[in-house]
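Take the sequence shown: its letters are residues 33 to 343, numbered as in my numbering.
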Amino acid sequence: MGKSLPFLSPQESGMDASQLRTIEQQVGEALDEKKLAGAVTMVIRNGGVVHLEAHGWLDVENRVPMRTDTIFRIYSMTKPIVSTAVMMLAESGKIDLDAPVAKYLLSLKGLKVYHKEGNRSPKRPPTVRDLLRHTAGLTYGFFGNTPVDQQYRKADVLDRDQSSETFLKKVAQLPLVDDPGEDWIYSIAVDVQGMLIEQVSEQSLDTFLKQRIFDPLAMTDTGFHVPKAKAHRLASYYGSSLKLEESGNQSRYLEPPTFFSGGGGLVSTAMDYAHFVQMLLNGGSLFGQRLLKPETVAAMTRNQLPADRFP
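What follows is the structure, encoded as structure tokens:
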């Protein structure tokens, strides 16, 4: 049997069981109002699971009930995992957080800042620390409508079927929104971190994450695609008013991508992600495996932005 967090009763964990019952009530209301198709709720206290329940539907159209081991597209919850990988490489001396990104990704040397009268050189190049803080001057393209956002959309910068090389080529050709360090902008910075990991480790991002994070933490259902044997556990994806956006049994996640998106490409389960979170809560270790030093985790969980740069 694989490693997993222990299950505890509310009494064993020092919790009031009546407080846990409010979860079912609130999720039930959201299901009744069709704000949710389904959900998996989980509470961990003192290193043990005191609540794990499935609610609603994994697949509304086919009336497939949600299950506690349902596999979800975790989108931006991919980011903390990939940034943890960067910090692991920094701990080992393979990455200098204050070095320019272009030291490791040569194609990103010479990035320019957007200006309507002609793009200009930045005051300084973006650093690895800027990538971790979302202060590199990058953006996403789908949250705003600035001239740079428009260029991102036109370039289809996060195309799942592109190669890592094509992604970096696009980033190299796109202008920065602002000088690095000037503004906090939610962005493709963690996708660039993924490319940094590939370059420094000489491994693909999926291989590095599996060997260095997923296997040690027994995250057996986490990855960039869902194997066919687990396809029945992949939740369908619904938008507002429960509009079906992507069926679980016809999902693009049933095939491996060619581009491993460090900013939003992973699938996972509630239990798998709980292993990752508990590792951080433990100061960098779980199941006898140390991924990070406690002081590194402390730095990761401390504000790194000036007071006037809060998002």
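We put the CB at the ideal spot given by N, CA and C, even for glycine.
| Query | Result |
| --- | --- |
| Integer-rounded CB distance, given that G296 should sit under 8 Å from T110 | 5 Å |
| Sub-8 Å separation of V118 and Q225 beta-carbons | yes |
| Beta-carbon proximity check, L137 vs L286, cutoff 8 Å | no |
| Simplified DSSP state of Y218, which is helix, strand or coil | coil |
| Length of the line joining the Cα atoms of G88 and M74 | 15 Å |
| Extent of the continuous beta strand (DSSP E) run through I76 | G70 to R77 |
| Inter-stretch contact at 8 Å, needing at least 3 Cβ pairs: the stretch 239 to 247 / the stretch 275 to 290 | no |
| Residue span of the alpha helix (DSSP H) that contains H147, given as start and end | From DSSP, H147 is part of no alpha helix (DSSP H); its letter is neither H nor E. |
| Backbone secondary structure at G255 - three-state DSSP | strand |
| Candidates A131, L318, H83 and R244: closest to D48 by CA position | H83 |
| Per DSSP, the bridge partner or partners of R152 | V145 |
| Cβ distance (whole Å) where S300 is taken to contact I106 below 8 Å | 5 Å |
| Burial state of E149, where buried means 16 or more other Cβ atoms lie within 10 Å | exposed |
| Nearest candidate by alpha-carbon position, reference G70, set P326, A331, S273 and T290 | S273 |
| Stretch pair the stretch 183 to 193 + the stretch 153 to 165: three plus CB contacts closer than 8 Å | no |
| Anticipated Cβ contact below 8 Å, V180 with P154, distance rounded | Rounded, the Cβ-Cβ distance is 13 Å, inconsistent with contact. |
| Local Cβ density within 10 Å of G294, reported as buried at 16 or more and exposed below that | buried |
| Any chain B beta carbon closer than 8 Å to G295 | Here there is only one protein chain, and chain B is not present. |
| N- and C-terminal bounds of the beta strand (DSSP E) containing V82 | G80 to D91 |
| Buried versus exposed call for E230 [16 or more other C-beta atoms within 10 Å across all chains shown] | buried |
| Nonlocal neighbours in the same chain, by C-beta distance under 6 Å from A86, ignoring five residues either side | V72, M98, R99 and T100 |
| Backbone CA spacing between A339 and K262 [nearest angstrom] | 46 Å |
| Contact under 8 Å by Cβ, S195 with F291 | yes |
| For Q43 and G9, the rounded distance between their alpha carbons | Residue 9 lies beyond the stretch modelled for the chain, which goes from 33 to 343, so this question has no answer here. |
| Minimum C-alpha distance to I245 - residue among G320, Y218 and W216 | G320 |
| Of the residues E61, K325, K66 and Y184, the one placed nearest G271, counting alpha carbons only | K66 |
| Length of the line joining the Cα atoms of Y184 and L121 | 29 Å |
| Which listed residue (E93, L298 and H307) has its alpha carbon closest to that of D223 | L298 |
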